[in-house]
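Report on the structure given below.
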Amino acid sequence: MDITIGVISFNTKELLADCLSSVAAQGRDLLTKTVVVDNASTDGSVALVEEKYPQAQLIANNENLGFAKAANQVLKNSKSQFVLLLNSDTILYDKSIESMVDFMQGCPQAGAVGPLLLNPDGTNQASGRRFPSFLDASMHAFLGVIAPENRFSRRYKLLDWDRKNKKEVDWISGAAFALRRQAVKEIGFFDERFFMYVEDMDICYRLWENGWKIFLLPEAKVTHYIGESSKQLNAQMIREFQKSIYRFYLKQNAHSPKRFLAPLVRLGLFFRGSLLVGASKLKRS
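Our numbering applies: residue 3 is where the sequence shown begins, and numbers increase by one.
As structure tokens, this is what we get:
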């Protein structure tokens, strides 16, 4: 398969081993097409790759560069037609890589394809979403914290879709998705101003703006142990999430009257972040 597999790693040594084993199980030579980008892990992840998965290329960064920069390290150095990006807390089901590559080869307008993401208990994660309207985004931001099944969140997350059939969507989770490298190159790769979060929505939005399509392909399945890297720096990551949402809002509305609402949006995100940090502390206590 004409593909490079990029695994972005940060302090998830045991899950990284499971992820790389699941890549190897997809095909005998796929580890030789795999690049592990480690963002300065301190848990022995680098030694694990060097000792147990020497076929894979290893990029060991001296600091945590975040997802977007790490992903670009893979994309900019790849010569493959397709690049599959994986978080290190993901495990591939059998034939998932083959399914995504086959689909993209048969659908030349596909700029990105995501698998069905599953929780460890087998339930669906809500990958494959809409670009939210201002109303849906605002209501989801606050109601979603206390009432996840509210109608605004349901519409934004496409929760009424059972995800049993392939569907064109607006954006897919960067935890696991295949990208057409030429399409991503055309739009300038990932925006490295995003340290973590929302960079997946941003790149899908720019692909869509340039005429590419985004699909969720449920026959490709990936288990995702969601948040295993980010929960280690929980309060910091919550604040980073709010910053990324705000950055995306400014980008999308730079020439819209909505730009004048930016101070209100910033204030709302500050209160939302404070609420999430408080809830997180209560949960751990």
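We put the beta carbon where it would ideally sit given N, CA and C, even for glycine.
- Contiguous beta strand (DSSP E) elements confined to the segment 137–170 do not occur, taking only those with 3 or more residues.
- In its chain, beyond the 5 residues on either side, Ile7, Leu32, Leu33, Thr36 and Leu94 have a beta carbon closer than 7 Å to the beta carbon of Val25.
- Excluding sequence positions up to five before and after Cys206, its CB lies within less than 7 Å of the CB of Ala114, Asp172, Trp173, Ile174 and Ile216, all in the same chain and listed in chain order.
- DSSP places Asn63 inside the beta strand (DSSP E), whose first and last residues are Gln59 to Asn63.
- Exclusion of the five residues before and after Glu188 leaves Asn212 as the residues of its chain whose Cβ lies within less than 8 Å of its Cβ.
- For Gln111, the CB contacts under 6 Å within the same chain, skipping 5 residues up- and downstream, are Lys215 in chain order.
- The DSSP-derived three-state label of Leu17 is helix.
- Rounded to whole angstroms, the gap between the alpha carbons of Leu118 and Asp204 is 20 Å.
- Nearest C-alpha to Gln244 among Ala139, Val51, Ala185 and Ser98: Ala139.
- Where Ile10 is concerned, the enclosing beta strand (DSSP E) starts and stops at Ile5 to Ser11.
- A straight line joining the alpha-carbon of Ser90 with that of His257 spans about 37 Å.
- Contiguous alpha helix (DSSP H) elements confined to the segment 21–58 occur at 47–54, taking only those with 4 or more residues.
- From the listed residues Leu269, Val186, Phe192 and Ile10, the smallest Cα separation to Ser82 is found for Val186.
- For Gly116, the three-state secondary structure derived from DSSP is strand.
- DSSP places Leu77 inside the alpha helix (DSSP H), whose first and last residues are Gly68 to Asn79.
- Only residues of its own chain outside the window of five on either side were considered, and among them Lys169 have a CB closer than 7 Å to the CB of Trp163, listed in chain order.
- Taking C-alpha positions only, Phe179 is separated from Gly116 by approximately 4 Å.
- Taking a cut-off of 8 Å on C-beta distances, the segment 71–81 touches the segment 36–54, as three or more cross pairs fall below it.
- For Phe250, the CB contacts under 7 Å within the same chain, skipping 5 residues up- and downstream, are Val200, Met203 and Asp204 in chain order.
- The C-beta distance from Arg165 to Pro220 rounds to 6 Å, short enough to fall under 8 Å.
- The Cβ atoms of Leu161 and Asn152 do not sit closer than 8 Å to each other.
- A straight line joining the alpha-carbon of Ile247 with that of Cys21 spans about 28 Å.
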